[in-house]
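According to this note's numbering, the stretch in the sequence shown is residues 138 to 251, in order.
Where a beta carbon is used, it is the ideal one built from N, C-alpha and C, also for glycine.
If you're wondering where the values come from, they're calculated on a predicted model, not measured in any experiment.
One structure below.
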Amino acid sequence: VQLQASGGGLVQARGSLRLSCAASGIRLSRSRMAWYRQAPGKQRELVASITDGDTATYDDSVQGRFTISRDNTKNTLYLQMTSLKPEDTGVYYCHADIWPTVYWGQGTLVTVSS
138 VQLQASGGGL VQARGSLRLS CAASGIRLSR SRMAWYRQAP GKQRELVASI
188 TDGDTATYDD SVQGRFTISR DNTKNTLYLQ MTSLKPEDTG VYYCHADIWP
238 TVYWGQGTLV TVSS
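This is how it looks when you write it as structure tokens:
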């Protein structure tokens, strides 16, 4: 199983980025997927998740600005991020929960400058 995250980079505040997580070895359509982030010096936190039934949930800090989605034909998870803030800076990880196992991608760095 491999989760390959990409799309991070440096962006100015109020800008947008789209993260992608390409999966191999698992079918995203059958998985609960999520994006986590870890800011410098802080613990990893859940940003957004989506169930196998496509129900999405968001942390309050990103509600209304971020959108999690997936393309089952491409077996890829996305995180569309808009109105970015400096506090969104961190390494973003994709996560797959296929009971009883969880999988993590390698992370992609997002840096938002003020």
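In whole angstroms, give me the CA-to-CA distance for residue i and residue j.
i	j	result
I163	L246	24 angstroms
I235	K211	18 angstroms
S143	Q200	22 angstroms
L214	P223	24 angstroms
Q141	T248	19 angstroms
D208	R181	25 angstroms
P177	V148	17 angstroms
S250	R174	17 angstroms
R202	A150	13 angstroms
V184	G145	15 angstroms
T188	T194	9 angstroms
L221	K179	19 angstroms
D225	G152	11 angstroms
Identify which residue in the options has its Cα closest to the Cα of residue i.
i	options	result
D197	A150, S186, T238, D191	S186
W83	R151, G146, R169, G152	Here the chain has residues from 138 to 251 only, and residue 83 is not among them.
G244	R202, G227, S251, T219	G227
T238	R167, G152, L183	R167
D191	G145, D225, K179, A171	A171
L165	T219, M218, I205	I205
Would you call residue i buried or exposed, if buried means 16 or more other Cβ atoms sit within 10 Å of its Cβ?
i	result
L78	Any answer about residue 78 is impossible in this case: the structure gives the chain only from 138 up to 251.
V138	exposed
Going by DSSP, what residue range makes up the beta strand (DSSP E) through residue i?
i	result
E182	182 to 187
L140	139 to 143
Below 8 angstroms, can you find three or more Cβ-Cβ pairs linking the stretch 143 to 159 to the stretch 230 to 249?
-> yes
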